[in-house]
Structures are given as C-alpha cells and as structure tokens.
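One line per chain: the protein sequences are A and B, in this order.
Under full-length UniProt numbering, the first residue of the first sequence carries the number 1, and numbering increases by one thereafter.
Under full-length UniProt numbering, the first residue of the second sequence carries the number 1, and numbering increases by one thereafter.
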Amino acid sequence: MKAFTRHTGLVAPMDRSNVDTDMIIPKQFLKSIKRTGFGPNLFDELRYLDEGQPGKDNSQRPLNPEFVLNQARYQGASVLLTRANFGCGSSREHAPWALEDFGFRAIIAPSFADIFYNNCFKNGLLPLVLKEEEVDELFRAVESVEGYALTVDLENQTVATPDGKIYHFEVDEFRRHCLLNGLDDIGVTLEDADAIQAYEERRKQEAPWLFPAG
Amino acid sequence: MSGKTLYDKLWDAHLVKERADGSCLIYIDRHMLHEVTSPQAFEGLRLAGRKPWRIDANLATVDHNVPTTGRENGVEGIEDPISRTQVQTLDANCNEFGIVEYGMSDQRQGIVHVIGPEQGATLPGMTVVCGDSHTSTHGAFGALAHGIGTSEVEHVLATQCLVQKKSKNMLVQVDGELKPGITGKDVMLAIIGKIGTAGGTGYAIEYAGSAIRSLSMEARMTMCNMSIEAGARAGMVAVDDRTIEYVKDRPMAPKGEMWERAVASWRELKSDDDAEFDKVVHLDAADIEPQVSWGTSPEMVTNVGDRVPDPANESDPIKREGMQRALKYMGLEPNTPMTGIQLDRIFIGSCTNARIEDLREAASILKGQTIASTLKQAMVVPGSGMVKAQAEREGLDRIFIDAGFEWREPGCSMCLGMNPDQLGEGEHCASTSNRNFEGRQGFGGRTHLVSPAMAAAAAIHGHFVDISDYYDRAG
Numbered sequence: 001m002k003a004f005t006r007h008t009g010l011v012a013p014m015d016r017s018n019v020d021t022d023m024i025i026p027k028q029f030l031k032s033i034k035r036t037g038f039g040p041n042l043f044d045e046l047r048y049l050d051e052g053q054p055g056k057d058n059s060q061r062p063l064n065p066e067f068v069l070n071q072a073r074y075q076g077a078s079v080l081l082t083r084a085n086f087g088c089g090s091s092r093e094h095a096p097w098a099l100e101d102f103g104f105r106a107i108i109a110p111s112f113a114d115i116f117y118n119n120c121f122k123n124g125l126l127p128l129v130l131k132e133e134e135v136d137e138l139f140r141a142v143e144s145v146e147g148y149a150l151t152v153d154l155e156n157q158t159v160a161t162p163d164g165k166i167y168h169f170e171v172d173e174f175r176r177h178c179l180l181n182g183l184d185d186i187g188v189t190l191e192d193a194d195a196i197q198a199y200e201e202r203r204k205q206e207a208p209w210l211f212p213a214g
Numbered sequence: 001m002s003g004k005t006l007y008d009k010l011w012d013a014h015l016v017k018e019r020a021d022g023s024c025l026i027y028i029d030r031h032m033l034h035e036v037t038s039p040q041a042f043e044g045l046r047l048a049g050r051k052p053w054r055i056d057a058n059l060a061t062v063d064h065n066v067p068t069t070g071r072e073n074g075v076e077g078i079e080d081p082i083s084r085t086q087v088q089t090l091d092a093n094c095n096e097f098g099i100v101e102y103g104m105s106d107q108r109q110g111i112v113h114v115i116g117p118e119q120g121a122t123l124p125g126m127t128v129v130c131g132d133s134h135t136s137t138h139g140a141f142g143a144l145a146h147g148i149g150t151s152e153v154e155h156v157l158a159t160q161c162l163v164q165k166k167s168k169n170m171l172v173q174v175d176g177e178l179k180p181g182i183t184g185k186d187v188m189l190a191i192i193g194k195i196g197t198a199g200g201t202g203y204a205i206e207y208a209g210s211a212i213r214s215l216s217m218e219a220r221m222t223m224c225n226m227s228i229e230a231g232a233r234a235g236m237v238a239v240d241d242r243t244i245e246y247v248k249d250r251p252m253a254p255k256g257e258m259w260e261r262a263v264a265s266w267r268e269l270k271s272d273d274d275a276e277f278d279k280v281v282h283l284d285a286a287d288i289e290p291q292v293s294w295g296t297s298p299e300m301v302t303n304v305g306d307r308v309p310d311p312a313n314e315s316d317p318i319k320r321e322g323m324q325r326a327l328k329y330m331g332l333e334p335n336t337p338m339t340g341i342q343l344d345r346i347f348i349g350s351c352t353n354a355r356i357e358d359l360r361e362a363a364s365i366l367k368g369q370t371i372a373s374t375l376k377q378a379m380v381v382p383g384s385g386m387v388k389a390q391a392e393r394e395g396l397d398r399i400f401i402d403a404g405f406e407w408r409e410p411g412c413s414m415c416l417g418m419n420p421d422q423l424g425e426g427e428h429c430a431s432t433s434n435r436n437f438e439g440r441q442g443f444g445g446r447t448h449l450v451s452p453a454m455a456a457a458a459a460i461h462g463h464f465v466d467i468s469d470y471y472d473r474a475g
C-alpha cells in the first residue's frame, strides 16, 4: 500500500451531504475483477450526462458542466472537501479505489460513514474529520480563492491553509501507523498468529459447535 | 460496575488480543463471500502467497450478478460477459481454495444474507462478516455481524481476524403493540426517519422492547439488515425462544447433545438488566404508520397518509438543498399526497424482504386480485432457491402469477440492478429493497422503499394506499 505522510494539493469542494458509495462508483463498474481503473468512472452519474458502461470510451461522453470536478479551476485536484456522512451506503471498496485512481489523496468532511472510512485507510487515501465550522470556513475559502491548496500532514495530524492557519484532526494510532508506513496489515496481524491459535484452542472447548470440522 | 450489553458480551467473547495502541484483534466465526467483493481479495492472497486460515469458516454464493430468468443454462446463460467472468471467477476461486460455494445451479443458492440464516450457517453468538454492508442482517440472531471492504475480506481469509476498534452502544427500544399490517420494514424506516442515516454512525445498535420481541425472525432480520441505512455497521436483537426455534434443525446447526449445550450458552445472549448504553432511542409501536420513502436517502421517509415534504419548511440550508435536489431527481412536487404518486414498477425482493414470510405477507394481499394496468412490470424475486421452493409448495407463486407478477429466480436483482433487472429513466418503483439512492435501481430510476405488504397493495392500485384497510377487512 502507498504510504501517506504529507501531501499538498488543490482542493475541490463537493458541497453536499450524504454522498453515498453508489454515487461515488455506480454498480455497473463493480463487475470488474481488478482493483484499478475506476478513476474515469468516479461520480459517473454526476460527471457525465449519459449513462456510463464498462468499456465505454469516456472521452467521447458528454460532460456535465455543472459538476465541480469538470470545472477548469479544479482540474488536478487531489484533496476533496465535502459534507457530512460521506461514503454512506454499500461497503464497496471500489469507492476508495475510484477516488484514489482519480488522483485524490485526502478527503475532508465533518463525518464519514464507518465502512467507507475504514476502507480508505487500506488504500493510501486519508479521510480526515474536521469540525463542522472548520469545514464551513474551508468551503468559503476554496470557493473564493482560485488555486486554493491545502497541506495535509498525517505525522502531525494537521491541515494547513495557504495563509498559515492550522487545523488539527484526530486519527487512531494503528491506522495512522499503517498509513504512515504503507504497511500491509495482514502481515502485522500474522505476527500474532500464536495468539489467534491460542484463542481457537480455548474456543473449541467453550463453544465446540463453532468448529464442526474439529 | 454496570452490566454488559449484548454487544459487549459478543465483543469480549471474540477478543483475541488488545494491542498497546488500543487496536483489537477480533476473531471471525463465519465469513460469507459473494462474487462482487471477493475477486481482488483472492488475488491478493495469491500475490502474497497466503492460504486461507480456516477454510470451514467460509461460505460462498453468487447473488449480485446472476440473472433471474433463463437459469437453465447456468453460468453460460449470463449474457453480460463481464458479469459472467465475475461469477466464473468466484467459482474458480472457491474451487482453488476449497471453499464451499452454492453456485448458480444449486438450490441453496440465493442472496448471501438469506442463505446464511436459512442454512444455519449463521448461529447465535457468532461474529459474521461479509464484503457487503447488509451483513448486519445476521445480527437478528444475537450475533455480531457487519459488512467489510475487500481488503478486510482478504484479511479475514488470511487471518480469521479483523483489526477493530470497539463501537459505542445504542439501544433502540420499541414498546407497545404494532397496528395490524405494520411490519419490521415500517418499524425500521420509522427509526431511520427519526435518527437519520448517520444517527447510528460509530454505534452498534441493539433493538429491544416488547414490539421487537413480538416480531418474527424474518422481521428482525429486515430491521437488522437496514441498520447500515441508519449509519450503524451492526444491529442486533437478543436471543429468545423465537431465535432458537428458527435455528433448530437447520442443516448447519448443531445437533443432539451439542445442540443442548449451544442453546444453554445462547440463552445468555442478551443485555444485562443494568447494562448502560451510550445512546437510547425510544419509539412507541402504536404510533408507527405504514412508511413510504419520497427522496434519495432512506431517512427521506414519511407515513403513507402524509404528503411529500416542502423544503421551504426546512431551516437547515444544507438539508434544504438536499431535499430540493432529491425532489428534482424524484420528479416530485412538495405537498403531493404520497398516495398520489403514480408507479411504473413493483419489486418484491432483496436481502431486506425476500424471505418466505415476506412473500406470504405480499401474497395474502394479492390473493384473488390483479395488478393495475398502468404498471409496466411487477416482479417477485425470492431470496433463495429454498425460499422459492417453499413458496411454490404453498402455492404463493400461483397467487403472484395470477395477479400479474413475474415469478423469478433468486438473486439481488433490482435492488441494485447489477443484473439486467433495472428501472428505466424516470420510472417510479415501489421496492421492498433498502436503498433509494440516485441511480441505485437503474440510471435515473426513482425508488420508493416500502414493506412487502405495501408493495403488493400498491401493485393492485398503481399507487400507494393505506394498507390498514386490507387488515381491517381481513380481521
């Protein structure tokens, strides 16, 4: 997994709450058996005016000029600023895969849906929670200043604005550690293989019906 | 010290290790797999040269992509080559790793959250996970069950564990008597309408109270299923006689002396009387009316007797804008009576409402009736091959077909339209599924979430109706 330490990038504002994972990546693209290549279909139904299909040439499709990611000033954005409950709905990891493949490295919102939040960390994508009023301030700043960029620092758990204002965010220690170091957490868990085996031995005594194969 | 909640007990029983940084290793008893969220996980195992930790904890089926007609040709009959590849990939992966799979031609095939309980693969006291957010369904058995992403599917395959942080405890207490015709779906939609789609974020919800105790296992599954629509990854109900009766004699349930031992242990799966919850929500069962969603989020729901809300009355600007956007997408004017919305299609199915009780409920309303001529289509998609066979033994298929419904093969179908069952642009659908998101059931499709009883009554009339009329007449 790609590590995340510190990133400075152009901010795109997506001013709506409850953005669901069906919106982030519609179901027809979930038929892929790969974990790459979802970027061109990120927010497909908002981004294009026609219906997207796997294999369709996206460069020939009519773009929705009103959608934020289609606006010239937000081309190359790598930090997404959005509203509450981002990523609600399905557990599809294709959602963070699509965001990451598109070029996003960090998402800022007042809250995230639990499964989506968790999935982001497995893919080098940092979801970070700021207070509602801080998000409001950032929306005002992004919309008024063209080229507005933020610096997200996971080591210090801060977001820095161009004029030097610093916001602090919380993240739990294990997730932070894995993301900072780009760690494969399966490898970390397997270091505890003895503890898992010991648990299984104990459980086989307590609840043998959970181990019908013995 | 206060007592433990059901969630606390389940958590403690599965805690393998708490690390110095506060992260916990939680043991997983049952891992369900389907074709959409597993291929990349198996590929990950192969690339890392890893083997599954415990083969017999896994159970797989194909549900999301499978067509609901023309099943006699098996996998080869899937017209969409990308869908076919995904189904074949699951078959190949299960074959390679030795995982039991109910494939397309197996009668036990069905929606993953229907077949787990049906086969007794889901048992009280288990931890159950699957790469699907509606895994919360299995919590109805006093189990700790939740959806996971594909990286975690790989993690569970490789280690039989997940790295977790404990959620907070929420109690949703529903007391009193439900009115006739009010189903688990109505209760759950009313809860989501009350606490919102993020109301349960960060919590594990326990549903309790006399109204919940009175519900069947199927209805409890419907409620736990939609916990994720309230933002909670996991929902659960304490074990009682009904739970044990449902599990008894299921193919994978323990038998004989082992059964007795298991039951004795399962009887403890309830919150202690002095357990403390971080958040408590009360609903009075008698207040709950038939629910119909009007917008593009499950919290955008109201009583069938009410009108489409007016954004002008909403003071929060972000919510107001969300409502306006939803009404535009849904093609609805504020203050339209809910019973005035004309429907194009009816869908009875999904992991929320495709169990035998759901089909019985809908059939009881449709018996001797025909669907409105204004409808383009009405379809029933049973949750599994076993549900389908049971319904056919009871003659329910005839009732649906005689009324004008299509009687289909099991799968997720129009709940998310990954197979050919989809809404057309602008079409309104009364759906027993779980999500009314934009485009969910088809590009530009407009979903109204309802109970199977409401879907059946709406099919007869071509629009929503107060179904209490049906129950007054019957009873």
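Glycine is no exception: its CB is placed at the ideal position from the N, C-alpha and C atoms.
Since the model is a prediction, treat every value here as computed from it, not as a measurement.
| Query | Result |
| --- | --- |
| Alpha carbon to alpha carbon, how far is A:His168 from B:Cys412? Give it in angstroms, no decimals. | 43 Å |
| Around the Cβ of A:Asp44, are there at least 16 other Cβ atoms within 10 angstroms (buried) or fewer (exposed)? | buried |
| Going by other Cβ atoms of all chains shown within 10 Å of its Cβ, with 16 needed for buried, is B:Ser2 buried or exposed? | exposed |
| Need the endpoints of the alpha helix (DSSP H) that B:Val153 sits in, please. | 150–159 |
| Compare the beta carbon distance of B:Pro254 and B:Ala262 with 8 Å and say whether it is the shorter of the two. | yes |
| Compare the C-beta of A:Ile196 with all C-beta atoms of chain B and state if any pair is closer than 8 Å. | yes |
| Can you say whether A:Arg6 is buried or exposed, counting buried as having 16 or more other CB atoms within 10 angstroms of its CB? | exposed |
| Find the nearest neighbour of residue 273 of chain A within the set B:Ala57, B:Gly120, B:Ile192, judged by alpha-carbon distance. | A query on residue 273 of chain A cannot be resolved here, the shown segment of chain A reaching from 1 to 214 and no further. |
| To the nearest angstrom, how far is it from the Cα of B:Leu25 to the Cα of A:Lys56? | 43 Å |
| Could you please give the first and the last residue of the uninterrupted beta strand (DSSP E) stretch that includes B:Lys328? | Careful: B:Lys328 lies outside any beta strand (DSSP E), inside the alpha helix (DSSP H) at 317–330. |
| Under the rule that 16 or more other beta-carbon atoms within 10 Å means buried, what is residue 495 of chain B, buried or exposed? | The question about residue 495 of chain B has no answer here: the residues shown for chain B are numbered 1 through 475. |
| For B:Lys183, which of helix, strand or coil comes out of DSSP? | This sequence places Thr at residue 183 of chain B; Lys is not what is there. Three-state result, B:Thr183: coil. |
| For B:Val112, report the span of its alpha helix (DSSP H) as first-last. | 112–119 |
| I'd like to check one pair, B:Thr432 with B:Ala455: are the Cβ atoms closer than 8 Å? | yes |
| In the DSSP output, which residue or residues are listed as bridge partners for B:Met379? | B:Phe347, B:Glu406 |
| Going by beta carbon distance, what residues of the same chain come within less than 8 Å of B:Arg325, once the five residues before and after it are set aside? | Thr296 |
| Does the separation of the CB atoms of A:Ile25 and A:Ala77 fall below 8 Å? | no |
| Using a beta-carbon distance cut-off of less than 7 Å, what residues from the stretch 104–133 of chain A approach chain B? | Ser111, Ala113, Asp114, Ile115, Asn118, Asn119, Lys122 |
| I want to verify the contact list: residues of chain B whose CB lies under 9 Å from the CB of A:Thr189, in sequence order. | Leu25, His155, Ala158, Thr159, Cys161, Leu162, Val163 |
| Closer than 7 Å by beta-carbon distance: list the chain B residues that pair up with A:Lys204, in chain order. | Within chain B, no residue comes near A:Lys204; the closest Cβ sits about 12 Å away, beyond 7 Å. |
| Once DSSP output is grouped into helix, strand and coil, what is the label at B:Gly462? | coil |
| List, in chain order, every chain C residue whose beta-carbon is nearer than 7 Å to that of A:Pro54. | Reference to chain C is not applicable here, since the protein chains of this structure are A and B. |
| Three-state secondary structure (DSSP) at A:Pro127? | strand |
| Is there contact between the stretch 351–368 of chain B and the stretch 383–391 of chain B, where contact requires at least three CB pairs shorter than 8 Å? | yes |
| Let's see if you can read the secondary structure: which residues bound the alpha helix (DSSP H) around B:His14? | 6–14 |
| CB-CB under 7 Å to B:Asp344, same chain, minus the five flanking residues each way: which ones, in chain order? | Leu375, Lys376, Glu427, His428, Cys429 |
| A:Asn41 touches chain B at which residues, Cβ-Cβ below 9 Å? | The contacting residues do not exist; A:Asn41 stays about 12 Å from chain B at best. |
| Touching or not, the stretch 172–185 of chain B and the stretch 282–291 of chain B, by the rule of three or more beta carbon pairs under 8 Å? | yes |
| For A:Pro13, which of helix, strand or coil comes out of DSSP? | strand |
| Between which two residues does the beta strand (DSSP E) holding B:Asn169 run? | 168–175 |
| For A:Ala84, which residues in the same chain have their Cβ closer than 6 Å to its Cβ, ignoring the five residues on either side in sequence? | Ser17, Pro110, Ser111 |
| Would you decide whether A:Gln75 is buried or exposed? Buried here means 16 or more other CB atoms lie within 10 Å of its CB. | exposed |
| Closest to B:Cys130 by C-alpha separation, out of B:Asp240, B:Gly120, B:Gly116, B:Leu123, would be which residue? | B:Gly116 |
| How would you call B:Gly475, buried or exposed, if buried means at least 16 neighbouring beta carbons within 10 angstroms? | Residue placement at B:Gly475 is flagged as unreliable, the pLDDT there being 43, under the threshold of 50; a coordinate-derived value is accordingly withheld. |
| Interface residues of chain A around B:Ala36 at Cβ under 8 Å? | Rather than Ala, the amino acid found at residue 36 of chain B in this sequence is Val. In chain order: Leu30, Lys31, Arg92. |
| Using the three-state DSSP reduction, which class does B:Met236 fall into: helix, strand or coil? | strand |
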